[in-house]
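Colleague: If you count the sequence shown from 1, position 74 lands on 74 in the UniProt record's numbering, and the numbers rise without skipping.
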Amino acid sequence: MIFKRVGDSRPYPDHGYTQKQWIAIAPHQVRLDELVTTKRTLDLEALLEEDSTFYGDLFAHVVAYRGELYLEDGLHRALRAALQQRQTMHARVLELN
């Protein structure tokens with residue numbers, strides 16, 4: 001199993017964080033098997049593109065809410081890490097109360 005659970009929504013309140021605010025959060029390693037996805041589907045072409053992170057953040061965005069870690073942005077990065085048989089990846093984690 002790659003993820004803790006596959007979800008299809010964001011069960012946490014809207015945080016309103018901008019890209020600039022996300023970048024201010026220092027990345028650290030998170031375990032893939034502790035993440036709950038917020039998307040059920042992905043674009044396979046985007047997964048296979050070598051420069052898929054060229055225009056975005058290099059790190060995934062994770063929201064910690066009520067004891068769960070939700071993968072808000074970075075599903076493609078997480079799957080790429082799993083395909084490389086890694087159990088962790090670097091992510092920026094936003095703590096919501």
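Idealized CB from N, CA, C, for every residue including glycine. It should be emphasised that the depicted structure is a prediction, and the values quoted were computed from it without experimental measurement.
Exposed or buried, T38, counting other C-beta atoms within 10 Å across all chains shown (16 or more means buried)?
Modeller: Here the question's residue 38 lines up with position 38 in the sequence shown. Its Cβ being crowded by 16 or more others within 10 Å, T38 is buried.
Colleague: The alpha helix (DSSP H) that contains R77, what's its start and end?
Modeller: The residue labelled residue 77 in the question sits at position 77 within the sequence shown. 75-83 is the extent of the alpha helix (DSSP H) around R77.
Colleague: Just the Cα atoms here: how many angstroms apart are E95 and H61?
Modeller: As a first step, residue 95 is located in the sequence shown; it is residue number 95 there, counting from the start. As a first step, residue 61 is located in the sequence shown; it is residue number 61 there, counting from the start. Rounded to the nearest angstrom, the two C-alpha atoms are 11 Å apart.
Colleague: Taking T18 as the reference, which of R66, A82, R80, D57 has the closest Cα?
Modeller: In the sequence shown, counting from the first residue as 1, residue 18 sits at position 18. Ranking R66, A82, R80, D57 by Cα distance to T18 puts D57 first.
Colleague: Take A64 and list the residues in its own chain whose beta-carbon comes closer than 6 Å to its own, dropping the five residues that flank it on each side.
Modeller: Counted from its first residue, the sequence shown places residue 64 at position 64. Closer than 6 Å at the Cβ level, and outside the excluded window around A64, lie V93, E95.
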